[in-house]
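Have a look at the structure below before the remarks.
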Amino acid sequence: MEDFVYTGNPGRVVFGSGTVARLPEEADRLKAKRILVLSTPEQAGQAADIAAHLGSRVVATYSKAQMHTPVEVTIDAMRFLEECSADAVLSVGGGSTTGLGKAIAFRTDLPQIVVPTTYAGSEATPILGETEGGRKVTKSDPRILPEVVMYDVDLTLTLPVALSVTSGINAVAHAIEALYAREANPIISLMAEQGISAITRSLPLIHADAGDRDARSDALYGAWLCGVCLGSVGMALHHKLCHTLGGMFNLPHAQLHTAVLPHAVAYNAPAVPAAMKRLSRAMGADDPAAGLFDLAKQLGATMSLKDLGMPDGSVESALEQAMSNAYWNPRELEKRELGDLLGRAFRGERPPGIGGPGSRGAMR
Ligand code: NAD
Numbered sequence: 075m076e077d078f079v080y081t082g083n084p085g086r087v088v089f090g091s092g093t094v095a096r097l098p099e100e101a102d103r104l105k106a107k108r109i110l111v112l113s114t115p116e117q118a119g120q121a122a123d124i125a126a127h128l129g130s131r132v133v134a135t136y137s138k139a140q141m142h143t144p145v146e147v148t149i150d151a152m153r154f155l156e157e158c159s160a161d162a163v164l165s166v167g168g169g170s171t172t173g174l175g176k177a178i179a180f181r182t183d184l185p186q187i188v189v190p191t192t193y194a195g196s197e198a199t200p201i202l203g204e205t206e207g208g209r210k211v212t213k214s215d216p217r218i219l220p221e222v223v224m225y226d227v228d229l230t231l232t233l234p235v236a237l238s239v240t241s242g243i244n245a246v247a248h249a250i251e252a253l254y255a256r257e258a259n260p261i262i263s264l265m266a267e268q269g270i271s272a273i274t275r276s277l278p279l280i281h282a283d284a285g286d287r288d289a290r291s292d293a294l295y296g297a298w299l300c301g302v303c304l305g306s307v308g309m310a311l312h313h314k315l316c317h318t319l320g321g322m323f324n325l326p327h328a329q330l331h332t333a334v335l336p337h338a339v340a341y342n343a344p345a346v347p348a349a350m351k352r353l354s355r356a357m358g359a360d361d362p363a364a365g366l367f368d369l370a371k372q373l374g375a376t377m378s379l380k381d382l383g384m385p386d387g388s389v390e391s392a393l394e395q396a397m398s399n400a401y402w403n404p405r406e407l408e409k410r411e412l413g414d415l416l417g418r419a420f421r422g423e424r425p426p427g428i429g430g431p432g433s434r435g436a437m438r
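Residue numbers (this note's numbering): 75 to 438.
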């Protein structure tokens, strides 16, 4: 066993089916008596149904959460929070809603209960990415980590199949980069391997039947494990590329991660053979990069950054920005090869792998 350092993030997790009925117990544990409920406009109805479990403990609902946590939305929500003298927030939704709850908690240190409905994993991290003036800035702070996460598989049944696929692969990205992180350690690697396996196994089943409760449960469990990975160790090339491209071209979060991940894995693979061995084992794929590409494509994901909205002729400027901030990666950042990587991702081509076009992908 090699030397390692492991730091666990505190936090309570309640997992199952119908768990939202237990919200009153959790609110009482936190001594929360005046709860502000948060959601996106699309999930306002679902949030209201869930809030009903809390009865008079709910003082108001704010349903204007947006992707990438714009600071102006947070300021508006803070005014609302002060007017209703809330003493806790309940976030119902994906990473966008969780982001707003975290932004409020960072400023107020109020306790958060999160009911996640996607596989983004934000609920398991002390990380907040906020956007101001077109720039996304990431911070990490213990106040940002939610106190209680209530996973209720029933709420994920409505997550559209296309978003389930890309959100699941977004989660897998956290676990893959944890396997080769600078701070990698045996506990997080165990979680990463289990998380990747649970999600890559369940996505084809969800694609075939969005109401497959067992598969939904596996995916949600995997999402939690992958979120813990993201919150525990540093990320590398894949997350940095997505941060750069998402910020420059406002591309949709989960879809962007899905299109970039196979290429980032192909780039780093030669530098991290032990991590690739674990990834192959978790996915049941000889060549993980090609396997990820094939899995996503077979499940209908858009694999071309151009088709996701990246403008023609922008690969060079994206490359310049991706190279401009030095960050740790297990393989040195080589400009020409990164340019090739971005070009392939832009066009939606399969990454060159150890096994070539016929190599076994992730579908079992
Ligand atoms: P999202 O929260 O933006 O959700 C996408 C859309 O799906 C929204 O309209 C939402 O209302 C809807 N939706 C969510 N769950 C649904 C369900 N069960 N049924 C029907 N509709 C549903 O998407 P996301 O990918 O979960 O989150 C992306 C955001 O999260 C980005 O801003 C990203 O930066 C952030 N994020 C942060 C972290 C972190 O640790 N800080 C981690 C992952 C993602």
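We treat Cβ as the ideally placed atom computed from N, Cα and C, and that holds for glycine.
Presumed contact (8 angstroms Cβ cut-off) between residue i and residue j, rounded CB distance
i: A363; j: V339; result: 4 angstroms
i: P15; j: N342; result: The requested residue 15 is not part of the displayed model; the chain covers only 75 to 438.
i: R153; j: V133; result: Contact doesn't hold; Cβ gap of about 14 angstroms is too wide.
i: A151; j: L174; result: 6 angstroms
Minimum C-alpha distance to residue i - residue among the options
i: H280; options: T240, R410, R153, N259; result: It is Ile, not His, that sits at residue 280 in the sequence shown. When only C-alpha atoms are compared, the closest one is T240.
i: E206; options: A348, I149, A160, L299; result: I149
i: S276; options: Y295, M265, G321; result: Y295
i: R287; options: H317, G90, T81, K107; result: G90
i: S306; options: S214, Q186, L97, V111; result: S214
i: A177; options: T212, P344, V302, V346; result: T212
i: N83; options: V223, D381, K351; result: V223
i: L304; options: A198, M397, L219, E267; result: A198
i: T232; options: G92, D368, A284, Y254; result: A284
i: G85; options: D228, G173, L104, A272; result: L104
i: G92; options: G242, E267, L229; result: L229
i: M141; options: K314, Q395, E204; result: E204
i: E76; options: A348, H313, A289, R131; result: A348
Cβ shell of residue i (< 7 angstroms), same chain only, five flanking positions each side left out
i: F78; result: N259, P260
i: L373; result: V239, L277, P278, H281
i: R438; result: For R438, the pLDDT reaches just 41, beneath the cut-off of 50, and the residue's location in the model is therefore unreliable, leaving the point undetermined.
i: R418; result: H337, P425
i: F180; result: L202, D215, R217, I218
i: L155; result: L110, I178
i: F367; result: P336, M377, R424, P425
i: G321; result: R209, K210
i: M350; result: A343, P362
Chain-order list of residues whose beta-carbon lies under 6 angstroms from that of residue i (same chain, five-residue window excluded)
i: C300; result: G195, A245, H248, A249, G269
i: P431; result: In this prediction, P431 has a pLDDT of 43, which is less than 50 and means its spatial position is unreliable; what the coordinates show is noted afterwards. Answer for P431: no residue qualifies.
i: V166; result: S113, A121, I124, V189
i: G169; result: A194, S196
i: E157; result: none
i: V331; result: The question names Val, but residue 331 is His in the sequence shown. The residues are N244, A247, C316.
i: A310; result: E251, N403
i: T135; result: V111
i: I262; result: A252, C303, S306, V307
i: A297; result: Y193, G195, A245
i: G422; result: M377, S378
Span of the alpha helix (DSSP H) around residue i
i: R421; result: 409–421
i: R103; result: 97–103
First and last residue of the uninterrupted beta strand (DSSP E) at residue i
i: R86; result: 86–90
i: L110; result: 109–112
i: L518; result: For the chain, the structure presents residues 75 to 438; residue 518 sits outside this window and is missing.
Own chain partners of residue i with C-beta closer than 8 angstroms, once the 5 adjacent residues on each side are dropped
i: M384; result: L319, F323, L325, A392, F420
i: G129; result: P98
i: A375; result: A236, V239, T240, I243, Q329, T332, A333
Test: residue i CB closer than 7 angstroms to a CB of chain B
i: V223; result: Chain labels in this structure do not include chain B; a single protein chain is all it has.
Inset, instruction - Any chance you could list the alpha helix (DSSP H) runs of at least 4 consecutive residues sitting entirely within the stretch 308–396, in chain order? - result: Secondary structure in the stretch 308–396: the alpha helix (DSSP H) runs of 4 residues or longer, each lying completely within the stretch, are 311–323, 327–342, 347–357, 362–372, 379–382 in chain order.
Inset, instruction - Within the stretch 118–192, note down every full beta strand (DSSP E) run reaching 3 residues or more, in order along the chain. - result: If you keep only unbroken beta strand (DSSP E) runs of at least 3 residues inside the stretch 118–192, you get 132–136, 162–167, 186–190.
Inset, instruction - Go through the stretch 215–286 residue by residue and report every complete run of the beta strand (DSSP E) that reaches 3 residues or more, in order. - result: When DSSP assignments are scanned along the stretch 215–286, the uninterrupted stretches of beta strand (DSSP E) that are 3 or more residues long and fall wholly within it turn out to be 222–226.
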